[in-house]
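Here the structure is laid out as structure tokens; the discussion comes afterwards.
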Amino acid sequence: MHAAIGCRHTLFDFLRPLCKAAPILEKLVLHAGTVRYGRSSTWDLDDLFNTGEVLNYLYPTHPPFEGHTPLLHTLVLSHLYFSHTSGIYRNLINLTIIHLHPTEALEPFFRVLSSSPALEKLNLVMRSPEYEVRFLQPPQLPHVHLPRLRFLGITCDVIPFIAAILAHLSFPMHSRIHLSSRMDRDWRRWSALSAVLRDPSMRARLPSFQLSVSVMVMDDCVVSVLSALDLSRIETFGVFEIVAASSYCFWQPVLRRMHRLRCLSLHRVSSATLVAVLRTLQWYTHPIGNPGAPYCTQLQCLGLGEVEKDVAAELVDFLKFCVANRKVLAQVRVTELRGWDADMVNQLNGHGNIRVVYMPPTG
Numbered sequence: 012m013h014a015a016i017g018c019r020h021t022l023f024d025f026l027r028p029l030c031k032a033a034p035i036l037e038k039l040v041l042h043a044g045t046v047r048y049g050r051s052s053t054w055d056l057d058d059l060f061n062t063g064e065v066l067n068y069l070y071p072t073h074p075p076f077e078g079h080t081p082l083l084h085t086l087v088l089s090h091l092y093f094s095h096t097s098g099i100y101r102n103l104i105n106l107t108i109i110h111l112h113p114t115e116a117l118e119p120f121f122r123v124l125s126s127s128p129a130l131e132k133l134n135l136v137m138r139s140p141e142y143e144v145r146f147l148q149p150p151q152l153p154h155v156h157l158p159r160l161r162f163l164g165i166t167c168d169v170i171p172f173i174a175a176i177l178a179h180l181s182f183p184m185h186s187r188i189h190l191s192s193r194m195d196r197d198w199r200r201w202s203a204l205s206a207v208l209r210d211p212s213m214r215a216r217l218p219s220f221q222l223s224v225s226v227m228v229m230d231d232c233v234v235s236v237l238s239a240l241d242l243s244r245i246e247t248f249g250v251f252e253i254v255a256a257s258s259y260c261f262w263q264p265v266l267r268r269m270h271r272l273r274c275l276s277l278h279r280v281s282s283a284t285l286v287a288v289l290r291t292l293q294w295y296t297h298p299i300g301n302p303g304a305p306y307c308t309q310l311q312c313l314g315l316g317e318v319e320k321d322v323a324a325e326l327v328d329f330l331k332f333c334v335a336n337r338k339v340l341a342q343v344r345v346t347e348l349r350g351w352d353a354d355m356v357n358q359l360n361g362h363g364n365i366r367v368v369y370m371p372p373t374g
């Protein structure tokens, strides 16, 4: 069930009859505010985050559905939250919180997590300058273990918030971690995150890691985070919207250490970054190059914007190299790249057994 709620009065009116359906609810998405595209909304994170202005956060004064949602496995709360004593969280597998109010202490939220042992996917989207004040000093939080967690996504513009969450959560190996930030340019703030990632117990549990930094931060900020990881254990690595890291000098030491790399994802990065990555991969998979180089089997390129012909030619040369040197690259996914014509796509598909999946941009 999906519902966009406009005001406090509507929230209470909505929750009262919904209690009757609580025993059979499997998925519940509640959003305070308008939704982009109205009824045609996809109700994904972008739609819920890019909403009409929400003037007042909404808080039910009593725990709704207490103990009566045995089938509820997916809950999305956008710009509102329920009491942390509510039984609605108990059996969740997927939990997404968008804009947990900055005045709400994190300690009760961590108690929610400790009582949700079945959680497999946790997504936190916290973008508010008020978090800056709350995290000037590291908060005192309980340690929580999520034994079934497979994905943790944290989107926040305050790096110390990301560090605080990671420092107090533990999860199994092979969990996917996606960190996203767009405002914090101070490399000293990034050092707090690096310190958490450098902890031995954290380093051993991150075979899959994705990083999104959609502002022009210094290369040193990103390097400090990647240097803290045990890159030799990483099997899946993704960079999203990173606008620094566009040089061979950046990628050379990073990819050199990824001996187990199987899948590399480049999402909405610059053409210069794509070229730097391809040239680095080519060097480290060369017969006279590093024998412990990454054996990348899958390369994903999504939304690189207008791709010039020389960039397309660079990708073609890379595929030719992989075929000539019997490398194990099996699939290249090219999605939402503009400026490609049929001839370019045909060139990509003509190289050995490498499967190229091309999806043009929509609209």
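Each number in our numbering comes from the position in the sequence shown (counting from 1) with 11 added on. Glycine included, every Cβ here is placed at the ideal spot set by N, Cα and C.
Practice item. Assign C307 to one of two classes, buried (16 or more other C-beta atoms within 10 Å of its C-beta) or exposed (fewer than that). Key: C307 comes out buried.
Review point. With burial defined as no fewer than 16 other Cβ atoms inside 10 Å of the residue's Cβ, what is the status of M250: buried or exposed?
Key: The question names Met, yet the displayed sequence has Val at residue 250. Classification of V250: buried, given that the 10 Å Cβ count is 16 or more.
Check your understanding: If L41 sits next to L91, beta carbons under 8 Å apart, how far is it from one beta carbon to the other, in whole angstroms?
Key -> Taking 8 Å as the upper bound for CB-CB distance, L41 and L91 are in contact here, some 6 Å apart.
Check your understanding: Of the residues H154, S223 and L204, which one's Cα is nearest the Cα of S238?
Key -> Residue L204 is the option with its Cα nearest to S238.
Exercise for review: Figure out for me which residue from T291, R193 and Q342 has the closest Cα to the Cα of E325.
Suggested key: It is T291 whose Cα lies nearest to the Cα of E325.
Exercise for review: Determine the closest residue to L133 out of V368, E118, L86 and I170, with distance taken between C-alpha atoms.
Suggested key: Minimum Cα distance to L133 is reached at L86.
Check your understanding: Are the CB atoms of R161 and P128 nearer to each other than 8 Å?
Key -> No; because the gap between Cβ atoms is not below 8 Å, this pair is not in contact.
Review point. Within this structure, are the beta carbons of W201 and C232 separated by less than 8 Å?
Key: A Cβ-Cβ contact shorter than 8 Å links W201 with C232.
Check your understanding: How about A287 and S257: do their beta carbons lie closer than 8 Å?
Key -> Their beta carbons are under 8 Å apart, which means A287 touches S257 by this criterion.
**Study point:** N- and C-terminal bounds of the beta strand (DSSP E) containing V5
**Key:** Residue 5 lies beyond the residue range present for the chain, which begins at 12 and ends at 374; the question has no answer from this structure.
Practice item. Under 8 Å by Cβ, that's how I've got S125 and V155 pegged, so tell me the actual separation to the nearest angstrom. Key: Confirmed, Cβ separation roughly 5 Å.
Check your understanding: If you run the structure through DSSP and keep just helix, strand and coil, what is L204?
Key -> In the structure shown, L204 falls within a helical segment according to DSSP collapsed to helix, strand and coil.
Check your understanding: The beta strand (DSSP E) spanning I165 covers which residue range?
Key -> Under the DSSP assignment, I165 falls in the beta strand (DSSP E) whose first and last residues are F162 to C167.
**Study point:** Selection from S276, N357, I245 and M137 that minimises the alpha carbon distance to H185
**Key:** Nearest to H185 by alpha-carbon distance, out of S276, N357, I245 and M137, is I245.
Point to revise | Buried or exposed (CB count within 10 angstroms, at least 16 for buried), Y259 | key: Under this definition Y259 is an exposed residue.
Point to revise | Local conformation of G49 per DSSP, three classes | key: Its pLDDT being 41, under 50, G49 is placed unreliably by the model, and nothing is read from it.
Review point. Are the beta-carbon atoms belonging to T247 and R273 less than 8 Å from one another?
Key: In this structure, T247 lies near R273, with their beta-carbon atoms less than 8 Å apart.
Point to revise | Whole-angstrom distance between C30 and S276, CA atom to CA atom | key: If I take the Cα positions, the gap works out to 43 Å.
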